[in-house]
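Residue numbers (the working numbering): 3 to 330. For each residue, glycine too, the CB sits at the ideal point set by N, CA and C. The structure appears right after this line, and notes come after that.
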Amino acid sequence: MQKNIKKIGVLTSGGDSPGMNAAIRSVVRTCAYHGIECVGIYRGYQGLIEGDFKEMGPRSVNNIVNKGGTILKSARSAEFRTAEGRKKAYDNVVKAGMDALVVIGGDGSFTGGLVFNSEYNFPVMGIPGTIDNDIFGTSHTLGYDTALNTVVDCIDKIRDTASSHNRLFFVEVMGRDAGHIALNAGIGAGAEEILIPEENLGLDRLLESLKKSKASGKSSSIVVIAEGDKIGKNVFELKDYVDANLPEYDVRVSVLGHMQRGGAPSCFDRVLASRLGVKAVESLLEGKSNLMVGLLEDKVTLTPLEQAIKGKSEIDRDLLRVSDIMTT
Ligand code: F6P
């Protein structure tokens with residue numbers, strides 16, 4: 003039987019990403035619009051276990067649409083992976099009168115939500131938030147577009163030094179298991195080579211490409227590497243390898259790190275967050291559960307959470323070819 007939803011809890015979990023605040027704002031205001039209550043849960047599932055909650059009205063989310071990070075804070079809760087932890091969480095949601103949960107995060111966060119639902123039949127809706135863009139069922143996760151723009155901006159700056167000093171820069175970008183950031187920012191910033199986890203291009207090809215680039219008259223180069231690249235060497239070992247094999251290159255390394263995760267969300271991420279928050283709340287009100295809201299062909303869609311977790315978000319292989327052609 004469909005449960006009458008009168009109070010929705012919202013949490014952010016896993017790595018923060020720009021646009022999470024805009025999504026919280028959207029969830030809170032959509033609840034208010036439909037005349038139901040909303041509860042903010044601090045520090046993801048850990049806050050659920052500890053009962054760290056706050057009632058959120060529409061004015062509690064003023065001036066956050068433009069802010070990076072998450073006002074609800076985030077955590078990766080080990081305790082929620084235990085049945086005892088989830089029992090404590092369930093006791094707390096019952097005590098607080100919550101009828102459903104919106105989880106903003108990545109696949110680990112969705113797995114937690116799904117297990118919680120299977121044990122307690124508690125309605126859960128996911129909003130994909132991670133800069134990695136590695137979630138099946140959406141072309142864009144919250145924060146990905148902002149991170150791309152941040153990375154391109156950084157590489158543009160690095161290029162000034164690369165070209166002034168005729169240097170080769172290895173730039174490491176985030177993406178533990180996915181090359182979306184490396185591939186797209188690499189093309190956007192005009193990288194010579196792009197190394198991603200999905201494709202092992204091999205060290206020989208890298209050396210060949212760098213030799214070709216030198217021979218074609220290029221005086222500086224940028225190679226973008228995803229942190230999860232499978233070439234078998236980290237970015238500093240790659241520098242040593244190129245130093246040893248191509249001494250004509252003056253090589254430097256730049257690891258962009260967490261600066262890619264911060265900052266004001268792009269307009270795209272703010273609009274996406276607003277659309278996904280509305281759909282998440284309204285889907286719960288329609289009695290739906292265990293789904294992730296996402297964007298496919300610019301339409302807001304629903305994908306079973308299980309598929310979102312198990313499915314693979316493929317990189318666009320055509321982009322590898324585009325990158326090759328651009329470096330001619
Ligand atoms: O999943 C997002 C992400 O930023 C990855 O790209 C990166 O590998 C990881 O989080 C870093 O996590 P942490 O901030 O916990 O070190």
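Among the candidates the options, whose CA atom is the shortest distance from the CA of residue i?
i    : options                : result
S79  : L13, N119, C40         : L13
S111 : G99, R45, G70          : R45
G11  : G70, A98, K89, S19     : A98
G107 : V96, D101, R88, Y146   : Y146
V63  : V41, A77, D54, I198    : V41
A187 : I224, N202, A164, A217 : I224
D345 : E288, T305, E316       : Because the chain is modelled from 3 through 330, residue 345 falls outside the range shown and cannot be assessed.
A193 : M328, D231, C269       : M328
K2   : D109, E174, D242, H36  : The chain is shown from 3 up to 330; residue 2 falls before or after that span and cannot be answered.
S76  : I43, R83, V104, V96    : I43
I129 : D242, E121, C33, V283  : V283
A34  : S15, D54, G59, F55     : G59
D314 : D136, K290, Y243       : It should be noted that the sequence gives Lys, not Asp, for residue 314. Nearest C-alpha to K314: D136.
E201 : K214, A217, V173, D231 : D231
H36  : D300, M294, T330, V280 : V280
N168 : I189, S215, F138       : S215
I7   : R83, E299, D54, K290   : K290
R83  : V29, G114, D326        : G114
I233 : L197, S285, I189       : L197
T330 : K220, V96, L103        : K220
E81  : F118, L103, G131       : F118
V95  : D54, R61, G131         : D54
Measure the alpha-carbon distance for residue i versus residue j and round it to whole angstroms.
i    : j    : result
L170 : D158 : 14 angstroms
V306 : S141 : Inspection of the sequence shows that residue 306 is occupied by Pro rather than by Val. Roughly 15 angstroms between the two C-alpha positions.
E229 : V255 : 13 angstroms
E250 : G70  : 42 angstroms
D320 : L185 : 11 angstroms
G181 : A310 : 18 angstroms
L240 : P199 : 15 angstroms
K9   : A85  : 24 angstroms
L205 : S165 : 24 angstroms
D101 : F124 : 7 angstroms
A266 : R323 : 32 angstroms
V257 : K235 : 14 angstroms
V295 : M127 : 8 angstroms
N68  : R272 : 8 angstroms
L248 : F238 : 15 angstroms
E174 : T163 : 16 angstroms
S15  : V105 : 7 angstroms
K301 : D326 : 31 angstroms
R2   : D245 : In the structure as shown, the chain begins at 3 and stops at 330. Residue 2 is therefore absent and cannot be evaluated.
V253 : F172 : 8 angstroms
L203 : K213 : 16 angstroms
S222 : D242 : 18 angstroms
A217 : I189 : 21 angstroms
Between residue i and the rest of its own chain, which residues show a CB-CB distance below 8 angstroms, the 5 nearest in sequence each way excluded?
i    : result
I66  : N23, A24, I26, R27, I73
E308 : L116, N292
I133 : G17, S19, P20, T143, G145, Y146, T148, A149, M176, I183, Q262, R263
L297 : T140, S141, H142, L274, R277, L278, T303
A354 : No answer is possible for residue 354: it lies beyond the span of the chain, which begins at 3 and ends at 330.
D318 : L185
E299 : S141
Ignore the nearest five residues each way along the sequence and tell me which others in residue i's own chain have a CB closer than 6 angstroms to its CB.
i    : result
M3   : At M3, the pLDDT of 39 sits below 50, so the modelled position is not reliable and the matter cannot be decided from this model.
K56  : G42
V30  : C40, M58, V63
F270 : D147
By Cβ distance, which residues of its chain are closer than 7 angstroms to residue i, with the 5 residues on each side in sequence left out?
i    : result
E195 : L208, S211, V225
S268 : D147, T148, N151
E121 : R88
V38  : It should be pointed out that residue 38 corresponds to Ile in this sequence rather than to Val. Contacts found: I7, K8, K9, I10.
L286 : I7, I10, A102, P125, M127
Extract the residue ranges of the beta strand (DSSP E) inside the segment 277–326, only unbroken runs of 3 or more that lie entirely within it. 293–298, 301–306
With a threshold of 8 angstroms, are at least 3 pairs of Cβ atoms found where one atom belongs to the segment 138–155 and the other to the segment 246–262? The segment 138–155 vs the segment 246–262: in contact.
Report yes or no: do the segment 48–59 and the segment 80–98 share at least 3 C-beta pairs separated by less than 8 angstroms? The segment 48–59 and the segment 80–98 touch, with no fewer than 3 CB-CB distances between them shorter than 8 angstroms.
3 or more residues per run - each beta strand (DSSP E) lying fully within the segment 177–231: 195–197, 223–228
In chain order, each beta strand (DSSP E) run of at least 3 residues that lies wholly inside the segment 227–265: 253–257
Going residue by residue through the segment 58–99, where are the continuous alpha helix (DSSP H) segments of at least 4 residues, counting only ones entirely within it? 85–98
Enumerate, from N- to C-terminal direction, the unbroken beta strand (DSSP E) stretches of 3 or more residues contained entirely within the segment 112–150. Runs of the beta strand (DSSP E) spanning 3 or more residues and lying entirely within the segment 112–150 occur at 126–130, in chain order.
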